[in-house]
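Residue numbers (UniProt numbering): 1 to 410.
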């Protein structure tokens with residue numbers, strides 16, 4: 001086993017081998033496989049497997065099962081360090097993405113999606129924990145914004161290549177899946193071998209942690225997971241099913257999102273640092289409620305493709321403000337709780353994700369507008385919860401109701 005390097009000594013390493021650099025490399029690596037898969041998925045399942053709304057809902061339900069079981073990360077951490085688990089998970093994501101086109105049937109896609117999802121969700125759980133442990137509280141919002149921008153830049157390159165080469169070179173789905181998944185796996189393997197193991201100053205609790213004082217964070221995570229599913233599963237599917245977007249057209253829309261995110265994400269990080277988590281999340285959830293209501297208007301009032309595309313871009317910008325939820329937890333958490341609570345929060349975030357896609361897939365067949373109307377109501381629920389965040393969250397001041405809570409027993 002390689003020697004451990006305490007975070008306090010990591011500044012003595014060459015810049016490219018420091019913890020913050022590893023966070024940026026991982027932020028660059030994961031989107032290559034995941035977003036190439038996302039860009040091709042809707043067209044691939046419709047063309048290769050004749051999916052309808054119910055099928056795509058089922059696929060995404062299976063995809064979210066590992067997220068619901070992210071609490072299992074706590075057990076894995078008994079035998080494996082967080083940093084190693086994160087990189088091994090990235091390798092699994094890359095390999096599973098690479099072979100996606102080899103299974104052009106409902107059963108085959110469900111199987112390979114399950115494996116790629118295990119890699120993605122375990123990586124995301126560990127990555128969030130490492131970010132909050134390795135980044136100082138005063139710099140976390142700004143650095144998280146830059147990490148979002150880095151992921152957007154990485155995805156921009158992938159989407160740009162798809163747009164420029166898909167028709168010109170008559171690329172196959174298998175070629176793109178293999179290239180993107182293989183690159184992610186190779187980069188993750190490099191990180192596993194090239195970087196030392198970093199030791200955070202506070203040892204992490206290696207057991208299930210559920211604390212009453214984190215209740216608002218848990219509820220916000222649950223609502224975020226429910227809301228996200230509707231966007232991830234059905235917004236892109238709408239662009240293909242209703243407006244007939246081809247691969248390069250849908251990917252072109254993603255490119256617009258990425259360019260805007262690269263510019264906006266660092267500014268959003270600074271906004272969180274300046275205005276605080278309470279105001280930021282109130283703004284995000286108000287905007288999301290309006291956007292989802294307008295998605296419904298596409299079906300109610302027959303609005304055209306330009307309005308749908310603008311809404312899709314605004315949705316992505318607001319989604320980047322989710323970093324405020326991370327920094328809210330960082331401010332109220334016991335430092336030893338970060339790893340186990342990241343796993344618990346990821347599971348809570350995916351409770352709705354396990355059953356919502358398949359149920360809403362059935363509702364989509366009957367009324368797509370009702371799906372987006374439900375999402376608007378969820379955003380309003382999140383807005384109500386965000387009003388309970390204090391202006392200056394910290395341990396003992398987790399919510400505006402904390403001052404009314406009984407004092408803990410001695």
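The beta carbon of each residue, even a glycine, is placed where N, CA and C say it ideally should be.
With a beta-carbon spacing of about 11 Å, residue 70 and residue 341 fall beyond the 8 Å limit used to define contacts. The DSSP assignment places complete alpha helix (DSSP H) segments of no fewer than 4 residues inside the stretch 37–79 at 53–68 and 73–76, in order along the chain. Distance between residue 267 and residue 145, taken at the CA atoms: about 7 Å. The alpha-carbon separation between residue 230 and residue 160 amounts to approximately 26 Å.
Residue 23 and residue 130 do touch by the CB rule: their CB atoms are close to 7 Å apart, below 8 Å. For residue 357, the three-state secondary structure derived from DSSP is helix. In the same chain as residue 154, and ignoring 5 residues on each side of it, the C-beta atoms closer than 7 Å to its own belong to 28, 31 and 32, in chain order. Note that the stretch 194–203 does not touch the stretch 166–181; fewer than 3 beta-carbon pairs, one per stretch, sit closer than 8 Å. In this structure, the CA atom of residue 392 is about 13 Å from the CA atom of residue 280. Under the three-state reduction of DSSP, residue 400 is assigned to coil, being neither helix nor strand. Between residue 325 and residue 204, the CB-CB gap reaches or exceeds 9 Å. The beta carbon of residue 25 sits closer than 8 Å to those of 187 and 191, all from its chain and outside the five residues before and after it, given in chain order. Comparing C-alpha distances from residue 244 to each of 5, 87, 42 and 329 shows the shortest one belongs to 42.
Counting only the Cα atoms, residue 152 lies some 10 Å from residue 158.
In the structure shown, the three-state DSSP call for residue 209 is coil. The beta carbon of residue 389 sits closer than 8 Å to those of 216, 277, 278, 281, 328, 399 and 400, all from its chain and outside the five residues before and after it, given in chain order. In this chain, the alpha helix (DSSP H) harbouring residue 131 covers 106–134. In this structure, residue 97 lies near residue 37, with their beta-carbon atoms less than 9 Å apart. Contact annotation: the stretch 365–379 touches the stretch 295–306, with at least three C-beta pairs closer than 8 Å. Following the DSSP letters along the chain, one finds residue 197 inside the beta strand (DSSP E) bounded by residues 197–199.
A distance below 9 Å separates the beta carbons of residue 119 and residue 95. The C-alpha of residue 135 lies about 10 Å from the C-alpha of residue 200. Collapsing the DSSP output to three states places residue 335 in a helix.
Here residue 402 is near residue 213, since their CB atoms are less than 9 Å apart. With contacts defined by Cβ atoms closer than 9 Å, residue 335 and residue 150 do not form a contacting pair.
Remark: C-beta atoms of residue 225 and residue 35 do not approach each other more closely than 9 Å. Only residues of its own chain outside the window of five on either side were considered, and among them 62, 63, 65 and 66 have a CB closer than 8 Å to the CB of residue 114, listed in chain order.
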